[in-house]
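Heads up: the structure comes next, in structure tokens.
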Amino acid sequence: MPITFDRSICCDLNETISREWLITNGLGGYAAGTVAGVLTRMQHGLLVVPIEQQAPPQLLLAKIDEEAVFDQRTYYLGTNEYRDGTLSPAGFVHLETFRLEEGIPVFLYRIGGLDGVMLEKRIWMIPGQHTTCIQYRLSRSHEQQPSRPANEGLRAASSLSGSASPPSYQRTYLRYRSLDQHVLELTLLPFSAYRPFDCPQTGHNAWHFQVEVHHSSEQLTGVASPLWSGERPLLLPRGVTGCTIRAYQGAQPYHLFIVGHPESQPLFIPTGVWYWHFLRRVDREAGRPAVDDLYLPGVFRARLWPGEEATLTIVATTEDPALLTLTPSYLALAYRRSVEQRRALLQPQRYFGEGGETSYRLQVLPLTGTTNPQQESEEFLHLLVQAGDRFMIRQRPARLTNMSPGSYAVPPGGQEAERFSILSTFYGLEEYTRDALIALPGLALATGRFEECRRLLRGLARCFKQGLLPDRLPRAGQSLSEADYRNADATLWYLYALDHYSRFSGDEELIAELYQRLAESLLWYLEGTLHGIQVDPSDGLLRSNSPDQALTWMNAYVNGRPVTPRSGKPVEINALWYHALALMEEWSTLVRGRGGDTYLSGRFQELRRRCEEGFQRFWYAEGHYLYDVIDSPTGHDSGLRPNQLLAISLRHTALAPAYRHEVLEQVTRHLLTPYGLRTLAPHDPAYHGRLGTRSEEQQEALHQGSVWTWLIGPYIEALLKLDAPRGLTPLSQEKITPLGQEYIWRQGLRALEPFFHELAQNMLGMVSGVFDGDPPHRAGYQAAYASGIAELLRIYSYLAQTGAGHLTPALSV
Numbered sequence: 113m114p115i116t117f118d119r120s121i122c123c124d125l126n127e128t129i130s131r132e133w134l135i136t137n138g139l140g141g142y143a144a145g146t147v148a149g150v151l152t153r154m155q156h157g158l159l160v161v162p163i164e165q166q167a168p169p170q171l172l173l174a175k176i177d178e179e180a181v182f183d184q185r186t187y188y189l190g191t192n193e194y195r196d197g198t199l200s201p202a203g204f205v206h207l208e209t210f211r212l213e214e215g216i217p218v219f220l221y222r223i224g225g226l227d228g229v230m231l232e233k234r235i236w237m238i239p240g241q242h243t244t245c246i247q248y249r250l251s252r253s254h255e256q257q258p259s260r261p262a263n264e265g266l267r268a269a270s271s272l273s274g275s276a277s278p279p280s281y282q283r284t285y286l287r288y289r290s291l292d293q294h295v296l297e298l299t300l301l302p303f304s305a306y307r308p309f310d311c312p313q314t315g316h317n318a319w320h321f322q323v324e325v326h327h328s329s330e331q332l333t334g335v336a337s338p339l340w341s342g343e344r345p346l347l348l349p350r351g352v353t354g355c356t357i358r359a360y361q362g363a364q365p366y367h368l369f370i371v372g373h374p375e376s377q378p379l380f381i382p383t384g385v386w387y388w389h390f391l392r393r394v395d396r397e398a399g400r401p402a403v404d405d406l407y408l409p410g411v412f413r414a415r416l417w418p419g420e421e422a423t424l425t426i427v428a429t430t431e432d433p434a435l436l437t438l439t440p441s442y443l444a445l446a447y448r449r450s451v452e453q454r455r456a457l458l459q460p461q462r463y464f465g466e467g468g469e470t471s472y473r474l475q476v477l478p479l480t481g482t483t484n485p486q487q488e489s490e491e492f493l494h495l496l497v498q499a500g501d502r503f504m505i506r507q508r509p510a511r512l513t514n515m516s517p518g519s520y521a522v523p524p525g526g527q528e529a530e531r532f533s534i535l536s537t538f539y540g541l542e543e544y545t546r547d548a549l550i551a552l553p554g555l556a557l558a559t560g561r562f563e564e565c566r567r568l569l570r571g572l573a574r575c576f577k578q579g580l581l582p583d584r585l586p587r588a589g590q591s592l593s594e595a596d597y598r599n600a601d602a603t604l605w606y607l608y609a610l611d612h613y614s615r616f617s618g619d620e621e622l623i624a625e626l627y628q629r630l631a632e633s634l635l636w637y638l639e640g641t642l643h644g645i646q647v648d649p650s651d652g653l654l655r656s657n658s659p660d661q662a663l664t665w666m667n668a669y670v671n672g673r674p675v676t677p678r679s680g681k682p683v684e685i686n687a688l689w690y691h692a693l694a695l696m697e698e699w700s701t702l703v704r705g706r707g708g709d710t711y712l713s714g715r716f717q718e719l720r721r722r723c724e725e726g727f728q729r730f731w732y733a734e735g736h737y738l739y740d741v742i743d744s745p746t747g748h749d750s751g752l753r754p755n756q757l758l759a760i761s762l763r764h765t766a767l768a769p770a771y772r773h774e775v776l777e778q779v780t781r782h783l784l785t786p787y788g789l790r791t792l793a794p795h796d797p798a799y800h801g802r803l804g805t806r807s808e809e810q811q812e813a814l815h816q817g818s819v820w821t822w823l824i825g826p827y828i829e830a831l832l833k834l835d836a837p838r839g840l841t842p843l844s845q846e847k848i849t850p851l852g853q854e855y856i857w858r859q860g861l862r863a864l865e866p867f868f869h870e871l872a873q874n875m876l877g878m879v880s881g882v883f884d885g886d887p888p889h890r891a892g893y894q895a896a897y898a899s900g901i902a903e904l905l906r907i908y909s910y911l912a913q914t915g916a917g918h919l920t921p922a923l924s925v
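Heads up: the sequence shown begins at 113 in the numbering used here, then just goes up one per residue.
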């Protein structure tokens, strides 16, 4: 069931301007906008792609506005907001419905009243290409508007086979031409740019983009339209026209084509004018530059009539146009493949484990707080899996040039290779290492994408420097420096992710391959590495002595100073340190069984025992929970934070069992919300319950009370590990009753249900990673976080694995 909004929502600007859609191509490119059609962020656009040798991705095509002439009346379907607050035009009033089908936005506009026509627009990207397609289709207003089947378009392909009778689209056109009022004259205005995706563009009358027009030609006559002087000519079939655009000499060219049928009479008319002072209201509210200028290189004009095979498609691309197939039948096939690829994410994933080929498939869990549990339970899983896929990207080999020796991108021998990575946020588009490692078990492993996971882990292993991993991975043309290694925990999260990979996939070879490198990294922690990170020999705990730096995940800064200073011994860092030592002790046995060198195995066992003893120092008896930091420059930090959950949720935990229930009770009472956990208890004087809109306000609140979605993962895992609330069943797992097991399992499942409704808010089909700490918990900061969606997927998978006996009846996709 797609996410759908009817006219009562679509005609309310306040409802539609706050709801965003996003599509991606798997290469780091995307298209995004709002249901209203207004661009509210600098990052919105129809073609945003990484360009070689330019570090930030570039916005090339911002939007397309439509003007439709029907029954001698012009309808303006676009909506733009200008600096002075003017809306012109205000085409959202014509929007009848909006649907998100398989992640693809579909707009349906009513033109001409009850006896008029319906214009459908759908937007998708071709997977593996920097190409966006915007397709238009017309139907009579009294006709039912079904969702388009995935295999639609094959009929159009077969109609072009050259039979003696006219093609069906031509017969349809001839029929409607006799009823002229049912033929639509469509003018499309492609507003263009050439700027970093998150910065405004300032136009001026002396700057005109270079535009080369390509006319449709008859291939039988050999007439061609040249692409650029000195380049091979570009042959366009009948029914196709377009242009190539360069913002200036030497800029990356990109191409716009309109693909229709010959009777569509498509035409490109150059204009070369600037449109000034578009407002981006989200940026204005945040205090960022919020006025953008866009360039109109020309307009497309074509005719459209009702009929399944009659379509007009704008193709915006940076790909070599000579290699593109610009026909309606091919675009129909490309659309079908795009849909099938999304659906395939939910199919059983085959992989080779220790016992040979096997498969993995997520089981659907029954949501109870919905009106249609069977259908909506399946839809929840579909949306989560598709949401996670948007963060997973492959970079082409061309992006891997100009890296420094030993950098992430260049494998031994300097041979370029495609690499896999995870974007941290939309619209940040950075690749933060910690975020990727937290997200990996949910995004890649819970969906059975083991090869991508292995590739990411092997690639990251080339980045160790004095035992540390970098905070982020470099963009195109950038390399790593010592300043990029400002964290205490990315290496520890690496072991966490590797452990999940090994247990999910059954692949122990990667552990054996990386064992020595990991052992050396942990020795750096023991002996001391950058930023004063070192194990304290007095208690076996990991500390950092850099008061002016934020080395944990709570890393917000204001005016160059950490908002949440955690110098000393943070609780989650030491929970991860203990977990890493226990894993290395475990893996030493594994590697020794394979004939490997494990001379450090005894050392890891000794360090683990020493850390376990020292970890009990975190117990804050007065509050019945754990200190957030001990031995800081100002003493012990007794702020109640969710970081202590890792001392319960991780597979290997140092915290004494007697303390665990009390920790969970305090966290539940003060930090749990429907959308995750607060980062600080509301009764704390330093608590900030509202994110605000401006950057400084958000940084102040980000880790001082704001709710983070990813923390729901450790919380539910801790809940399940402790089996049941105190008093309901005995603490020992061996004695827990089946009723108690089901009770606590369903508690974990119910904690996921609020996120189903969140998928139809804000960025559609996604979940915001951060919310206000105060009710009603408004979403803010970034539109979507990989770690938040990934933890929902990971815990979903965990519940599916542990709760098979509670599923009555079991659901399947």
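No residue lacks a Cβ here, since even glycine has one placed at the ideal position from N, Cα and C.
Problem - D611, buried or exposed, once every other Cβ within 10 Å from all chains shown has been counted against 16 - result: D611 should be labelled buried.
Practice task
For Q322, write down the residues that DSSP places opposite it in a beta bridge.
Solution key: Q322 is bridged by DSSP to R358.
Problem - Coil, strand or helix - P887 by DSSP - result: Of the three classes helix, strand and coil, the one that applies to P887 here is coil, per DSSP.
Problem - C-alpha distance - R415 paired with D177, whole-angstrom precision - result: Using only the alpha carbons, I get a separation of about 16 Å.
Practice task
Could you give the DSSP three-state label for P745: helix, strand or coil?
Solution key: In the three-state reduction of the DSSP assignment, P745 falls in the coil class, being assigned neither a helical nor a strand state.
Exercise for the section: Identify, in the order they occur along the chain, each residue of the same chain with its Cβ nearer than 6 Å to the Cβ of E232, setting aside the five sequence neighbours on each side. Expected result: The answer, listed in chain order, is L220, R249.
Handout entry: Euclidean distance between Cα positions of V819 and L911
Key = Those two C-alpha atoms are separated by around 22 Å.
Practice task
Report yes if the CB atom of T791 is closer than 9 Å to the CB atom of Y897, and no otherwise.
Solution key: Contact flag unset, no.
Practice task
Note down the Cα distance separating N657 from G640, rounded to an integer number of angstroms.
Solution key: The C-alpha of G640 is placed about 11 Å away from the C-alpha of N657.
Exercise for the section: Tell me whether L630 is buried or exposed, calling it buried when 16 or more other Cβ atoms sit within 10 Å of its Cβ. Expected result: Result: buried.
Problem - P382 (DSSP reduced to helix, strand or coil) - result: Strand, per DSSP.
Handout entry: Cross-strand partners of I370 (DSSP beta bridge)
Key = Per DSSP, the beta bridge partners of I370 are T353, I426.
Exercise for the section: Out of T429, V229, L445, state which residue places its alpha-carbon closest to the alpha-carbon of P418. Expected result: That would be V229, whose Cα lies nearest to the Cα of P418.
Handout entry: Whole-Å CB distance - A101 paired with L549, under 8 Å assumed
Key = The structure shown does not extend to residue 101, since the chain is modelled only from 113 to 925, so the question has no answer here.
Exercise for the section: For T710, name the three-state secondary structure that DSSP assigns. Expected result: Coil at T710, not helix or strand.
Exercise for the section: Take the Cβ of I216 as the centre, count every other Cβ of all protein chains shown within 10 Å, and call the residue buried at 16 or more, exposed below. Expected result: So I216 counts as buried.
Problem - Rounded straight-line distance, which links the Cα of L789 to that of T824 - result: The sequence shown places Ile at residue 824, not Thr. Their Cα atoms are separated by approximately 6 Å.
Exercise for the section: Determine which residues share a DSSP beta bridge with W217 and list them. Expected result: The amino acid at residue 217 is misidentified as Trp; the sequence shows Pro. Under DSSP, the beta-bridge partners assigned to P217 are L212.
Practice task
Could you have a look at E421 and say whether DSSP puts it in helix, strand or coil?
Solution key: Of the three classes helix, strand and coil, the one that applies to E421 here is coil, per DSSP.
Handout entry: Whole-number beta carbon distance between L904 and V882, since they are thought to touch under 8 Å
Key = That belief does not hold up - the Cβ atoms of V882 and L904 are roughly 14 Å apart, past 8 Å.
Practice task
With distances taken Cα to Cα, identify the nearest neighbour of G672 among A662, R806, V779.
Solution key: Among A662, R806, V779, the Cα nearest to that of G672 is on A662.
Exercise for the section: Classify V147 as helix, strand or coil using the three-state DSSP reduction. Expected result: Coil, per DSSP.
Exercise for the section: Taking 9 Å as the cut-off, decide whether the C-beta atoms of F727 and A668 are in contact. Expected result: Annotated as distal: F727 and A668, with beta-carbon spacing of 9 Å or more.
Exercise for the section: Find out if the Cβ-Cβ distance for the pair R393, E193 is shorter than 9 Å. Expected result: Yes, the Cβ-Cβ distance between R393 and E193 is below 9 Å.
Exercise for the section: Could you round the C-beta distance between T425 and C245 to whole angstroms and report it? I think they count as a contact, below 8 Å. Expected result: Indeed, because the Cβ distance is near 6 Å, the residues count as touching under 8 Å.
Exercise for the section: Indicate the three-state DSSP secondary structure (helix, strand or coil) for M237 in the structure shown. Expected result: Three-state DSSP puts M237 in a strand.
Exercise for the section: Taking P374 and R358 to be in contact with their CB atoms under 8 Å, please state how far apart those CB atoms are, rounded to whole angstroms. Expected result: Contact doesn't hold; Cβ gap of about 29 Å is too wide.
Practice task
Using only alpha-carbon positions, find the residue among R131, I742, A768 that is nearest to E725.
Solution key: Among R131, I742, A768, the Cα nearest to that of E725 belongs to A768.
Practice task
Note down the Cα distance separating E697 from Q717, rounded to an integer number of angstroms.
Solution key: When the Cα atoms are used, E697 and Q717 turn out to be separated by approximately 6 Å.
Exercise for the section: Could you tell me if Q256 is buried or exposed, where buried requires 16 or more neighbouring beta carbons within 10 angstroms of its beta carbon? Expected result: Only weak support is given to the placement of Q256: the predicted model assigns it a pLDDT of 49, under 50, and the value that follows is read from those uncertain coordinates. Its Cβ having fewer than 16 others within 10 Å, Q256 is exposed.
Problem - DSSP-derived helix/strand/coil call for L843 - result: Here the model assigns L843 a pLDDT of 34, short of 50, so the residue's position is not dependable and the matter cannot be decided.
Practice task
Return helix, strand or coil for W665, following the three-state DSSP convention.
Solution key: Coil.
Handout entry: S617 versus G804 - alpha carbon distance
Key = If I take the Cα positions, the gap works out to 43 Å.
Practice task
Tell me whether the beta-carbon of H782 lies closer than 9 Å to the beta-carbon of H795.
Solution key: A contact, by the Cβ cut-off of 9 Å.
Problem - Start and end residues, alpha helix (DSSP H) containing T701 - result: Its alpha helix (DSSP H) spans residues 683-705.
Handout entry: V385, buried or exposed, once every other Cβ within 10 Å from all chains shown has been counted against 16
Key = Classification for V385: exposed.
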